[in-house]
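Per the numbering used here, the sequence shown starts with residue 1, numbered consecutively. The beta-carbon is built from N, C-alpha and C at its ideal position, and this holds for glycine as well.
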Amino acid sequence: MDSNSPTASAPKERKRFNVPMALTWTRVALIPFVVGVFYIPFLSQHAQNVIACVIFCVAAITDALDGYIARKYDLTTPMGAFLDSVADKLLVCAAIIALLALDRVGMLVALIIVGREIAVTGLREWMAKIGASSHTKVNWYGKVKAIAQMVSIPLLLWYDPLGPINIGEIGSWLIWIAVILTLYSLVIYTKAAIPFLYPDEKLKNQDR
Numbered sequence: 001m002d003s004n005s006p007t008a009s010a011p012k013e014r015k016r017f018n019v020p021m022a023l024t025w026t027r028v029a030l031i032p033f034v035v036g037v038f039y040i041p042f043l044s045q046h047a048q049n050v051i052a053c054v055i056f057c058v059a060a061i062t063d064a065l066d067g068y069i070a071r072k073y074d075l076t077t078p079m080g081a082f083l084d085s086v087a088d089k090l091l092v093c094a095a096i097i098a099l100l101a102l103d104r105v106g107m108l109v110a111l112i113i114v115g116r117e118i119a120v121t122g123l124r125e126w127m128a129k130i131g132a133s134s135h136t137k138v139n140w141y142g143k144v145k146a147i148a149q150m151v152s153i154p155l156l157l158w159y160d161p162l163g164p165i166n167i168g169e170i171g172s173w174l175i176w177i178a179v180i181l182t183l184y185s186l187v188i189y190t191k192a193a194i195p196f197l198y199p200d201e202k203l204k205n206q207d208r
């Protein structure tokens with residue numbers, strides 16, 4: 001069969017929208033509900049907390065699933081990787097802003113986490129444009145940071161005590177661990193990008 005025939009190229013066409021991509025878009029679609037549930041007047045504060053926490057956890061599960069499925073079945077695409085990263089950042093930033101409005105995190109925490117996500121996204125976009133994206137690819141610092149965020153945020157969304165366990169206090173401690181990891185990962189990414197931000201300085205140092 002001719003490799004240029006429509007039948008032969010069909011598998012590539014199907015990969016444009018696949019299961020991992022659908023999971024990523026599901027995560028994006030869930031983001032407004034994480035925030036919006038707190039504005040439903042007929043729900044008690046506890047009900048709002050529980051629903052927001054559950055929605056966030058479902059969204060976080062789709063994050064784990066889409067990457068696993070994409071790698072296992074060779075469904076990875078540049079667009080899918082980009083959307084996955086953007087969806088993660090939107091989910092975290094939306095939840096942090098909601099927690100700030102609920103007075104469950106401070107302004108400093110929100111500024112560091114949201115600011116870092118914006119800064120790293122811009123940095124990666126610029127590095128990709130100059131063909132140096134491999135220098136700012138996700139490292140284990142970023143992964144640990146993401147895990148800390150994905151654990152602390154649902155605890156702060158739940159917030160209410162669970163028997164003798166003070167969920168809100170645990171979440172408050174964990175979010176500061178996430179903040180420290182957030183700052184550290186920002187330093188690592190920035191350090192990797194500096195030679196490309198100031199290439200002339202790099203050449204001068206090599207000549208010395």
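- Query: With burial defined as no fewer than 16 other Cβ atoms inside 10 Å of the residue's Cβ, what is the status of valine 19: buried or exposed?
  - Reply: On the sequence shown, residue 19 is found 19 positions in, with the first residue counted as 1. Valine 19 should be labelled exposed.
- For the putative contact between methionine 21 and glycine 80, defined by C-beta atoms under 8 angstroms, what is the C-beta separation to the nearest angstrom? For the purposes of this step, residue 21 is taken as the residue at position 21 of the sequence shown. For the purposes of this step, residue 80 is taken as the residue at position 80 of the sequence shown. At roughly 5 angstroms, the Cβ-Cβ gap stays under 8 angstroms, so methionine 21 and glycine 80 are in contact.
- Roughly how many angstroms separate the alpha carbons of alanine 52 and tryptophan 158, rounded to a whole number? In the sequence shown, counting from the first residue as 1, residue 52 sits at position 52. In the sequence shown, counting from the first residue as 1, residue 158 sits at position 158. About 7 angstroms.
- Item | Where leucine 31 falls: helix, strand or coil (DSSP) | Position 31 of the sequence shown, counted from the first residue, corresponds to residue 31. The sequence shown places isoleucine at residue 31, rather than the leucine named in the question. The answer is helix: DSSP assigns isoleucine 31 an H, G or I state.
- Item | Separation of glycine 122 from leucine 203, as counted between CA atoms | Residue numbering aside, residue 203 sits at position 203 when the sequence shown is read from its first letter. Residue numbering aside, residue 122 sits at position 122 when the sequence shown is read from its first letter. For leucine 203, the predicted structure reports a pLDDT of 44, less than 50, and the residue's modelled location is therefore unreliable. The matter cannot be settled from this model.
- Query: Under the rule that 16 or more other beta-carbon atoms within 10 Å means buried, what is glutamate 169, buried or exposed?
  - Reply: The count along the sequence shown starts at 1 and reaches residue 169 at position 169. Burial call: exposed.
- Message: So, with DSSP's three-state summary, where would you put serine 9?
- Response: Position 9 of the sequence shown, counting from 1, holds the residue named residue 9. Here serine 9 scores only 45 on pLDDT, less than 50, and its place in the model should not be relied on; the value that follows carries that caveat. Three-state DSSP puts serine 9 in a helix.
- Query: So does the region 93-102 actually touch the region 24-41, counting three or more Cβ pairs closer than 8 angstroms?
  - Reply: A contact is defined here as three or more CB-CB pairs under 8 angstroms, and the region 93-102 meets this definition with respect to the region 24-41.
- Outcome for alanine 64 when other beta-carbon atoms lying within 10 angstroms are tallied against a minimum of 16: Looking up residue 64 in the sequence shown gives position 64. Around the C-beta of alanine 64, fewer than 16 other C-beta atoms lie within 10 Å, and the residue is accordingly described as exposed.
- Counting only the same chain and skipping the five closest in sequence on each side, list residues whose C-beta sits under 6 angstroms from that of serine 152. Working through the sequence shown from its first residue, we reach residue 152 at position 152. Excluding positions up to five away in sequence, the list reads Gly171, Leu174, Ile175, Ala178.
- Task: Take glutamate 13 and list the residues in its own chain whose beta-carbon comes closer than 7 angstroms to its own, dropping the five residues that flank it on each side.
- Result: Here residue 13 refers to the residue found at position 13 when the sequence shown is read from its first residue. Unreliable placement is indicated for glutamate 13, whose pLDDT of 46 sits below 50; no coordinate value is reported for it.
- Which of the three DSSP states, helix, strand or coil, is assigned to isoleucine 130? By one-based count along the sequence shown, residue 130 stands at place 130. Of the three classes helix, strand and coil, the one that applies to isoleucine 130 here is coil, per DSSP.
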